[in-house]
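Contents: one structure, followed by commentary.
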Amino acid sequence: MKKYIYILLTIAILSCDDDFVDINPKTELTSDVVFDDPALAEKAVLGAYRGLWTVDGFEDFNTFNNSCLVDETILNGIVFDWLTVWWEGGISADSPWGWPGVEESRKKLHNWEHMYDWIRQANLMIEGLTDSTIDETLKSKLLGEAYFLRAIYHYYVWVHFGGASLVDKTLTAEDDLTNYSRSSFAQTVEFIVSDLDTAFDYLDGKSLERGRTNASAALALKSRVLTYAASDLYEPSKNNKALHASYEHKELIMYHGDNIPEVANTQQKRWQRAQAASLEAIDYNGSYNYHLSHSSPLDAEEAYNVYNDLYSAGSMQEAMFEKVINKFYDTDPLGWDAITSNWFYGPAGYGYYGTSGISANAPYNEFADDFQYAEDTNGDGVIDVAEDFSWTDVTHITRPFINRDPRMEATIGIEGGRWLGARYWDWQVGANPYFRAVDNSSDGRMQFGEYEVPANGDFSAEVTPGLDAYVDNGNVINQGGYSHKKHLSHTPNPTGSFQTWWTSTPQVILRHTETLLNYAEASIALGQEATAKQYLNLIRFRAGMPALTETGSNLLARYRNERRLELSFEGHRLYDVRRWGTGPKLSATAVRIHGKLKPGVTPFDFYSGYDESKYDYEYTVEDIDFYNTRVWPEKYFFRPISTAVLQKHSGLVQNPGY
């Protein structure tokens, strides 16, 4: 029989509204004064969302920084001790993030106790609302939100640690903690799915504001959980990790031992269940369909515009659940209605001197190279050639940033790629030789290389860096040769004003395309390749890419690459390379771009953008000069429970390798 073990946690009464916080005494959160008052009850539930705004990233509450833990991005010109420890394989129970304090202030989704603080909040909501006398429609909606929150907080424990301690009530000092322990991997999955089913039942037919969950989100998270659960890492016959094979408590990290429900007692059944859940989410969420019904590829330029708009129109166009920057939800704690993502992640050449983007966390070649070489050979605007890109293919490298998957320019900053609009740096000319590169184009083009400029007027011949080749206007070369673009605000502001580097663009948590990808993955696993390609082609056609032709292992590889590109910088890659049992690519290379003047070019003062009439462009791939001691030990497929937590709760079992 399933057994739920409980933990006593510090009461953390948190809210998004001072009136609610000032309830006296605060420990009376579950009293009638709150849950029998519609306004206070709603504020209480909104307060329980706050854990989500601190679990997925750094100060800007985004998932970008998860990317540097795998093979999506690298921190440009910045060497942090915690990241060095991570890449050298030094994570341990005593140092679960890298150095003391970081998991408290930043990476709270890796923090076991943080999740249980918020599980407790969800349980307080469920218990208080169950006996509430408020209107049944509002009560149902709030209960649905509370069950969803309890599910997603348990999900974060499960996806990082495996088997969780399943807590389905609030705990008091009188609760017996003697047997506090972890439930099995299989039991944890069933608990999360049950809560999501309950959340869906309550939320079905209800309309909620952006930033709050809904019935669609409950189905989408269920699709994700069951897809992850069916993956090879959690199937004993497919997990070939020696560390896991020797682990005494395999039931905590995979489907092993007794008490596995019949619906999940084989991997095939798990894939069938994941496929069914994904199809249910797809059918229910049809209203989120955003250019996902085309029967052939969009024109390449239209595809770029569609994909660019998908992320930059102030809201993720197909999001079912997203983090909004809004005082009402307390996701904007400083009250600025914006965060500094554009400054932190955007290209260096925008903003006044000293306040431009710093490309601090930017893609590098291992990610950029996964966008296929894509060419329109007959001039009709539609791509008809698509093949894996290679720096050794002369055809590919002649114009490597022009003939590519349209998603590349919409996802990352590339040489010659469009950004916020025109930049006007003429006022800097002469006063600051650093800005010898000027972009006078009408739509703004990024410059990550170095370019020969012939002598003219008051200036001598030299090689000058592009506006975006530097970090924080210093002299640290952009390590990867790219910058971030997806999810950042694309609103033109050519004057470089304060607003240029602030953005209120939401961060997506669940969206429709993920459920299509989940359905395709399950279909491949079940041998239904035609069905998988049908759904994958919907995604590719939106991107302006031709239909897939691969089969067998090549189709699986192509699927994984499509998922990598589509869900990039949304926090998925860290979990995908774990559950597939592959780990990330461990090399770290960059592209160096050199604009070599053609003979006889008329002298001019400034480089003003990509120009094949004046330049021959040369591209060199080389190693990035830091973070190159990169390993991915087997212990990294699960996170460690910290020593402090283990000492507090002796019944807990540590994960393998720690």
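Following our numbering, the numbering of the sequence shown begins with 34 at its first residue and continues without gaps.
Don't be surprised by glycine CBs; every beta carbon is placed ideally from N, CA and C.
Per-residue burial, residue i [other beta carbons within 10 Å of its own, 16 or more giving buried]
i, result
"Pro-380", "buried"
"Ala-464", "Residue confidence for Ala-464 is low, a pLDDT of 42 falling below 50, so the modelled location carries little weight; the figure read from the coordinates is stated next. It counts as exposed."
"Val-200", "buried"
"Pro-539", "buried"
"Asp-104", "buried"
"Ala-336", "buried"
"Thr-653", "exposed"
"Gly-319", "exposed"
"Val-624", "buried"
"Gly-161", "buried"
"Lys-629", "exposed"
"Pro-636", "exposed"
"Val-135", "For Val-135, the predicted model reports a pLDDT of 47, less than 50, meaning its position is unreliable; a value from the coordinates is still stated below. With 16 or more Cβ atoms within 10 Å of its Cβ, Val-135 is classed as buried."
"Asn-436", "buried"
"Gln-680", "exposed"
"Thr-410", "exposed"
"Asp-228", "buried"
"Asn-587", "exposed"
"Ser-279", "exposed"
"Asn-292", "exposed"
"His-682", "buried"
The alpha helix (DSSP H) enclosing residue i, as first and last residue numbers
i, result
"Thr-431", "427–431"
"His-277", "275–278"
"Leu-14", "Outside the displayed range of the chain (34 to 691) lies residue 14, so it cannot be described from this structure."
"Ile-107", "Not the alpha helix (DSSP H): Ile-107 falls in the beta strand (DSSP E), residues 106–108."
"Tyr-406", "No alpha helix (DSSP H) holds Tyr-406; the beta strand (DSSP E) holding it covers 406–408."
"Glu-562", "562–575"
"Tyr-650", "That residue, Tyr-650, is in no alpha helix (DSSP H); its beta strand (DSSP E) goes 648–656."
"Val-415", "Unbroken run through Val-415: none, as it is neither H nor E."
"Val-226", "218–236"
"Val-678", "676–681"
"Pro-71", "71–80"
"Tyr-261", "248–262"
"Tyr-317", "300–317"
"Lys-441", "The sequence shown places Met at residue 441, not Lys. Taken as a continuous stretch (DSSP letters only), the alpha helix (DSSP H) holding Met-441 covers 439–444."
"Phe-68", "65–68"
Beta-carbon proximity of residue i to residue j, cut-off 8 Å
i, j, result
"Asn-394", "His-517", "yes"
"Asp-332", "Val-415", "yes"
"Val-78", "Met-148", "no"
"Tyr-317", "Leu-252", "yes"
"Ala-197", "Trp-191", "yes"
"Glu-178", "Arg-245", "yes"
"Leu-116", "Phe-670", "no"
"Thr-631", "Asp-649", "It should be noted that the sequence gives Lys, not Thr, for residue 631. Yes, these two residues count as a Cβ contact at 8 Å."
"Tyr-691", "Ala-275", "no"
"Asp-638", "Phe-404", "no"
"Tyr-484", "Ile-315", "no"
"Gln-687", "Pro-666", "no"
"Gly-684", "Tyr-186", "no"
"Ala-401", "Val-418", "no"
"Ser-620", "Glu-399", "yes"
"Thr-662", "Trp-120", "yes"
"Asn-375", "Leu-521", "yes"
"Ala-494", "Ala-488", "yes"
"Lys-706", "Trp-86", "No information on residue 706 is available, as it lies outside the stretch 34 to 691 that the chain covers here."
"Phe-354", "Leu-550", "no"
"Tyr-397", "Gln-512", "yes"
"Tyr-288", "Tyr-235", "no"
"Val-694", "Glu-146", "Beyond the ends of the chain as shown, which are 34 and 691, falls residue 694; an answer cannot be given."
"Gly-382", "Gln-480", "yes"
"Thr-170", "Asp-69", "no"
Continuous beta strand (DSSP E) stretch holding residue i: start and end
i, result
"Glu-485", "483–486"
"Asn-394", "394–396"
"Met-353", "352–356"
"Ile-542", "540–544"
"Pro-498", "495–498"
Query raised in the report: Quick check: the segment 299–308 against the segment 261–279, are there 3 or more CB pairs under 8 Å?
Result: Touching, yes.
Report task. Would you check if the segment 425–439 and the segment 318–328 touch, i.e. whether three or more CB-CB distances between them fall below 8 Å? Result -> By the Cβ rule, the segment 318–328 does not count as touching the segment 425–439, because fewer than three pairs are nearer than 8 Å.
Requested in this report: Just list the alpha helix (DSSP H) runs in the segment 121–202, keeping only unbroken ones of 4 residues or longer that don't cross its boundaries, in chain order.
Outcome: The alpha helix (DSSP H) runs lying completely inside the segment 121–202 and spanning 4 residues or more are 135–138, 145–163, 169–194, given in chain order.
Query - At least 3 beta-carbon pairs within less than 8 Å: the segment 436–452 vs the segment 593–601 - result: In short, these stretches touch, since the Cβ pair count reaches three.
Query - Continuous alpha helix (DSSP H) assignments of at least 4 residues falling wholly in the segment 599–630 - result: Within the segment 599–630, complete alpha helix (DSSP H) segments of at least 4 residues are found at 606–612, given in chain order.
Requested in this report: Tell me, please, whether the segment 268–283 touches the segment 562–577 by the rule of three or more beta-carbon pairs shorter than 8 Å.
Outcome: Contact between the segment 268–283 and the segment 562–577 is absent, because fewer than three Cβ pairs lie under 8 Å.
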